[in-house]
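J.: Residue 389 in UniProt numbering is what sits at position 389 of the sequence shown, and the numbering runs on without skipping anything. A virtual CB, placed ideally from N, CA and C, is assigned to each residue, including glycine.
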Amino acid sequence: MIADLFKLAQQVVQEIQNHGFQAYIVGGAVRDSILGRDIDDIDIATSAYPEQVQKMFTKVIPTGIEHGTVLVRYHGTSFEVTTFRTETGYSDFRRPDTVNFVTNLKEDLARRDFTMNAIAMDQSLQLIDPYHGQSDIKNKVIRTVGRAQERFLEDPLRMMRAIRFQSQLGFKLDNEPLDAIHDNKKWLEKIAVERIAVEWEKTLTGTYFNEAKQSLFHTGLVDHLPILSEHINIQLEFQRLNCSLPSFAAFIAYMNLNIADIAISDWTNRWKLSNQIKKDSHLLVQLVQDYPKEPLSWVLYRLPEDLIEDFSRLCLLLQNEAINKEDIIAIKNGLTIKNRRDLVINGQDIISFFPDREAGSWIQHMLLETEKAVISEVIKNDKNDIREWLQYDNK
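1. What first and last residue would you give for the beta strand (DSSP E) that runs through Tyr74?
2. Applying the criterion that 16 or more other CB atoms from any shown protein chain within 10 Å of the CB defines a buried residue, is Tyr392 buried or exposed?
3. Taking DSSP's pairing of strands, which residues face Leu127 in a bridge?
4. Taking C-beta to C-beta, are Glu66 and Asp43 nearer than 8 Å?
5. Over the uninterrupted beta strand (DSSP E) stretch that includes residue 398, give me the two end residues.
6. On the three-pair Cβ rule with 8 Å, is the stretch 101-116 touching the stretch 12-19?
7. What separation, rounded to the nearest whole angstrom, lies between the Cα atoms of residue 397 and Ser376?
8. Tell me which residues share the same chain as Ile379 and place their Cβ nearer than 7 Å to its Cβ, disregarding the 5 neighbours each side in the sequence.
9. For Val141, which residues in the same chain have their Cβ closer than 7 Å to its Cβ, ignoring the five residues on either side in sequence?
10. For Gly347, which option in Trp362, Asp356, Asp129 has the closest C-alpha, if you only look at C-alpha atoms?
11. Can you confirm whether the stretch 334-349 touches the stretch 312-321 when touching is taken to mean that 3 or more C-beta pairs between the two stretches lie within less than 8 Å?
12. Short check: CB of Arg31 to CB of Ile128, under 8 Å?
13. Could you tell me whether the stretch 162-169 touches the stretch 200-217, using the rule of 3 or more Cβ pairs below 8 Å?
14. Spell out the partners DSSP gives Ser78 in its beta bridges.
15. Taking the beta carbon of Leu245 as the centre, do at least 16 other beta carbons fall within 10 Å, making it buried, or is it exposed?
16. Per DSSP, which residues does Asp43 bridge with? Please list them.
17. Please list, in chain order, all residues of the same chain as Val222 whose beta carbon is under 6 Å from its beta carbon, the five residues on each side excluded.
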């Protein structure tokens, strides 16, 4: 699949070159190909202007045309194509005040954050590495292109990106960026929290999370993150967390289960997270709390597939109880029913079982009790068995 993606990228590069312009594969795809990591998308840098690129391909989406970027759709695959550029002035600490298109690849690579991200690849997949990114990758070192102070002041989110790459790759932060993060950490508060949240989740889920956590505390960057900056008990609990978590929701659930006075809504509001993350966090807390008290089948019945890994990790961390993903899937696959729609009865059936009772919340309560009893194999998913069980239990 990765080979196919690069083959398509080579064809895009070749098409641009056929029109008399330079074009190169750049960015994370080059870095990850050197590291042997999975690659989801490929970016291309070119000397052609956006309006020129638009004339070369059938389907082009002007996603950021004012900054020289368009999205080329080629054989069903998207490639972000950006004109070589230099950038000056970052008054909003994110976007450059001025973008100048240039014709020199080296100038374009000079504006990038880290040396490992400033490597290009030509149409024959030969590497162009003016800032010695390959050497830094080989030595597992994170260094900025040029002075770290300048790179971080251009976009303070790069400080979080440095920590995130440490968590994902296990690279060591070079002393210069490490010191620059310490000196400029306050500027992170100028960055939109939604952007920080993206980097934070990638940091939490990284294989080398513990090393990244040490850098967060060593540089003091942790003191400028929402909620963590305000509660010493949260920071202490975070320090005790000794392994990565599968998602932001798992992190919030972990913190809430340990420090309940910081509500889940506090986390999701301050970090401006989605309602889905809020919902997932609440569910994970409920299921982990139910796990020692309720039948395991009933707990896992309510566990969505996309939260299996989160639940498994939380049980290991909070209850010292190892229940692996494969066992959870096996148990879920063996359940009598998969959801309430599989029950042989519904609310109307409940009403028919108790014709003398007025409709009310008791109907939903009985449905829930029936669902739980069927899952726990107290009764069979059979209409007569359920009716007899309910009528006997509610005499």
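T.: Walking through what the data contain:
1. 69-74
2. With fewer than 16 neighbouring CB atoms inside 10 Å of its own CB, Tyr392 falls in the exposed class.
3. Met121
4. With a cutoff of 8 Å on beta-carbon distance, Glu66 and Asp43 are scored as not near each other.
5. Outside the shown range of the chain, which is 1 to 395, sits residue 398, and nothing can be said about it.
6. Contact fails: fewer than three Cβ-Cβ distances are below 8 Å.
7. No information on residue 397 is available, as it lies outside the stretch 1 to 395 that the chain covers here.
8. Ala373, Asp385, Ile386, Trp389
9. Within the same chain, and ignoring the five residues on either side of Val141 in sequence, the residues whose Cβ sits closer than 7 Å to its Cβ are Phe171, Lys172, Asp174.
10. Among Trp362, Asp356, Asp129, the Cα nearest to that of Gly347 belongs to Trp362.
11. With a cut-off of 8 Å, the stretch 334-349 and the stretch 312-321 do not count as touching, because too few Cβ pairs lie within range.
12. No, they are not a contact pair.
13. yes
14. Arg73
15. buried
16. Val26, Glu80
17. Leu216, Leu228.
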